[in-house]
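Here the structure comes first, spelled out in structure tokens, and everything after it is commentary.
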Amino acid sequence: MRLGLAGIRKTTVRPRARRRVRPAGIGAVLAMALAAMTVTLAACDAGSQTAGGKADGNGNAQVSARADTNANTNANAGVGRQTSASAASTSTVASTVKVTAHEAGQTRAQVYESVRQMTALGKQLFFDASLSGSGKLACASCHSPDHGFSPANSLSVQLGGNDMHRTGMRAAPTLKYLQSVPAFAEHYHESDDEGDESVDAGPTGGLTWDGRVDRGSDQARIPLLSSFEMGSTPAKVTAAVKAAPYAEAFRAAFGEHIFDSDAATFNAVLQALETFEQAPEIFYPYTSKYDAYLAGKAQLTKAELHGLEVFNDEKKGNCASCHISQRTMDGAPPQFSDFGLIAIGVPRNRALPVNRDPHFYDLGACGPERTDLKGRAEFCGIFRTPTLRNVALKKSFFHNGIYHSLDQAVRFYAQRDTNPEKFYPVVKGKVQKFDDLPQRYWANLNTEPPFDRKPGDKPVLDEAEIKDVVAFLNTLTDGYKAGNKAAN
Ligand code: HEC
Ligand code: HEC
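As numbered in mature numbering (1 follows the signal peptide of the UniProt record, and there is no 0), residues -42 to -1, 1 to 446 make up the sequence shown, in order.
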């Protein structure tokens, strides 16, 4: 079984050399997205020329629309670079909004208006439980706005399905700060103006824990149709939208005849949800205490500052090597993720129904949810690095939701290798380390600090340092308002 793995690793992506403090390659796009959105209009009337845009032969009109002026101080950093190759090649998941407009030849103002309409509709859809098979589950049931769009409860995995008793295998992530997640790439290279293009940062990007979709619209399809989530169908969704209070607005946005086709209605629902998920003031406001601190408008406490130091220290937490904490080269605020897919050996969550089967493993990018990389050993056990913004609002941590406090999550990093018995089962005196990843994939595990210790070594963080890192993580919650200095 071990045969050949080393060879695979060499020719592909492991071991991954993550850069120390890596400015996100999509900084320009991110900043751009704060102030403007590129709207691709799939116009009905092919070839029509629009104000502020151009149409290609396929009836696709490229129109730039200023979609938001409620941007923070960094908003303008990348504006004007949106047509650059780097922006285009990173093909950010969220900064390009695809709008199916029923009218061609729109002016900028009209495009702006259709983004506004779509956002309003997307918001209503997001909170509408009638889209689900059970009639009881909305997107917001698992992605609560009061919890950074992560679950309000502390279940490891959420309940769904027609009887509301079914479960999947993963914790529901936050939906904030997804706007600059790049499209999934097996070998991710920075654009040359953002970093060293020759560095292969390995598998990076894509939405969900395993990066299996690139667009919000494709992602929204998953929970709507999943038998253990919303368990719906395009026909049910169409019937629900037709009967909803926003049916008229939906027709106004997507055309008089939109309800004639279930498929068209379903696609329009997906588009509206994607557009809503990109509303800057809701999904990436940058209003945390840490943002205020970076802008010189707030001071961190001694504990928070020390936590930040430990978080950044390459020989200590080294957290920032994956959870970027510094502004990008062009001044865009940090996302607290480099969006890399990484194996860190999170323990098996024995509380999950799916794990009652001892042969079942959630191997992340190599399956079973994701299917295109099946059988590619080097992708087994890797999950996308989540942002840590608003992480203090979460109640379950890691892809399987195994931990329920930040203290536990940080402690895992601090002591996984020095005190593995605290995290993994002990059978007949022997610690079953990495019990959720078959041994043939252990070569995929990250070995850089803080994962470079062994039993007997000093933990990479002591008790006080764990506490301070947690204090620092608490500064990443949006909505900080000390003396209204940093209020949005
Ligand atoms: C039953 C709970 C549940 C419901 C309902 C639900 N989600 Fe999710 N959501 C999840 C889970 C779990 C994941 C992670 C899935 C995975 O990694 O395979 C997720 C992932 C996502 C992601 C990707 C986040 C990331 O970090 O890449 C987006 C976007 C998203 N959901 C949007 C939605 C939308 C829109 C709806 C409604 C149409 C919705 N969700 C309904 C549980 C839910
Ligand atoms: C080598 C890259 C890497 C390093 C270094 C790293 N992380 Fe992570 N972090 C990840 C990945 C990948 C995940 C998701 C893993 C999973 O669920 O399987 C994660 C998840 C987390 C989570 C859970 C977030 C959530 O939404 O569930 C927290 C909290 C966290 N990291 C904090 C830290 C801290 C604190 C440090 C430093 C002590 C650190 N990380 C170092 C890659 C890294």
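Virtual Cβ for every residue (Gly too), placed ideally from N, Cα, C.
Asked, Found
"List the DSSP bridge partners of residue 361.", "355"
"Between 188, 229, 197 and 126, which has its C-alpha nearest residue 318's C-alpha?", "126"
"If you draw a straight line from the C-alpha of residue 89 to the C-alpha of residue 277, how long is it?", "39 Å"
"Expressed to the nearest angstrom, what Euclidean distance is found between the alpha-carbon atoms of residue 232 and residue 80?", "7 Å"
"Mind pulling the alpha helix (DSSP H) runs of 4 or more residues that sit fully within the region 99 to 184?", "174 to 183"
"With a threshold of 7 Å (Cβ to nearest heavy atom), would residue 183 be considered close to ligand 1?", "no"
"Leaving out five residues before and five after residue 147 in sequence, what residues of the same chain have Cβ atoms less than 6 Å from its Cβ?", "155"
"For residue 381, which of helix, strand or coil comes out of DSSP?", "coil"
"Quick one: Cα of residue -2 to Cα of residue 175, how far?", "Its pLDDT being 31, under 50, residue -2 is placed unreliably in this model, and the coordinates cannot settle the point."
"What three-state label does DSSP hand residue 340 in the structure shown?", "strand"
"Report buried or exposed for residue 388, applying the criterion of at least 16 other Cβ atoms within 10 angstroms of its Cβ.", "exposed"
"Does the distance from the C-beta atom of residue 481 to that of residue 262 stay below 8 Å?", "Residue 481 cannot be examined here, being either before or after the span of the chain that is shown, -42 to 446."
"Report the rounded CA-to-CA distance for residue 284 versus residue 366, giving the unit in angstroms.", "25 Å"
"Consult DSSP for residue 435 and reduce its assignment to one of helix, strand or coil.", "coil"
"Return the chain-ordered ranges of every alpha helix (DSSP H) run that is complete within the region 181 to 262 and spans a minimum of 4 residues.", "192 to 201, 205 to 212, 220 to 234, 238 to 241 and 247 to 252"
"Does the region 231 to 247 come into contact with the region 128 to 146, if we say contact requires no fewer than three beta-carbon pairs (one atom in each stretch) closer than 8 Å?", "yes"
"Out of 93, 292 and 341, which has the shortest C-alpha to C-alpha gap to residue 246?", "292"
"Name, in chain order, the residues that DSSP records as bridge partners for residue 310.", "Note: residue 310 sits in no beta bridge, so no partner."
"When the Cβ atoms of the region 333 to 352 are set against those of the region 188 to 199, are three or more pairs found closer than 8 Å?", "no"
"May I have the straight-line CA-CA distance separating residue 122 from residue 96, to the nearest angstrom?", "12 Å"
"Can you give the Cα-Cα distance for residue 49 and residue 357, rounded to whole angstroms?", "Confidence at residue 49 is low in this model, with a pLDDT of 36, below 50, so the placement of that residue should be treated as unreliable; the coordinate-derived value is given next. Rounded to the nearest angstrom, the two C-alpha atoms are 25 Å apart."
"Give me the Cα-Cα distance between residue 193 and residue 172, rounded to the nearest whole angstrom.", "25 Å"
"Kindly examine ligand 2 and report whether one of its heavy atoms sits closer than 7 Å to the Cβ of residue 215.", "no"
"Restricting to Cα atoms, I'd like to know which of 418, 235 and 234 is closest to residue 270.", "418"
"Measuring alpha carbon to alpha carbon, tell me which of 399, 308, 326 and 272 ends up nearest residue 382.", "308"
"Contact between the region 401 to 417 and the region 371 to 382: three or more CB pairs below 8 Å?", "yes"
"Quick check on the DSSP output: the alpha helix (DSSP H) that includes residue 70 runs from which residue to which?", "66 to 84"
"So if DSSP puts residue 389 in a beta bridge, which residue, or which two residues, is it bridged to?", "384"
"May I have the straight-line CA-CA distance separating residue 359 from residue 94, to the nearest angstrom?", "23 Å"
"Could you check if residue 241 belongs to the surroundings of ligand 2, using beta carbon to heavy atom distance under 7 Å?", "no"
"If you compare alpha carbons, which of 142, 168 and 167 is closest to residue 159?", "142"
"For ligand 1, any of its heavy atoms closer than 7 Å to the Cβ of residue 387?", "no"
"Can you list, in chain order, the residues of its chain whose CB lies under 6 Å from that of residue 364, leaving out five sequence neighbours each side?", "428 and 431"
"Taking 8 Å as the threshold (C-beta atoms), are residue 426 and residue 281 in contact?", "no"
"Would DSSP call residue 91 helix, strand or coil?", "coil"
"Flag this pair as touching only if the region 213 to 225 and the region 161 to 168 have three or more C-beta atom pairs under 8 Å; answer yes or no.", "no"
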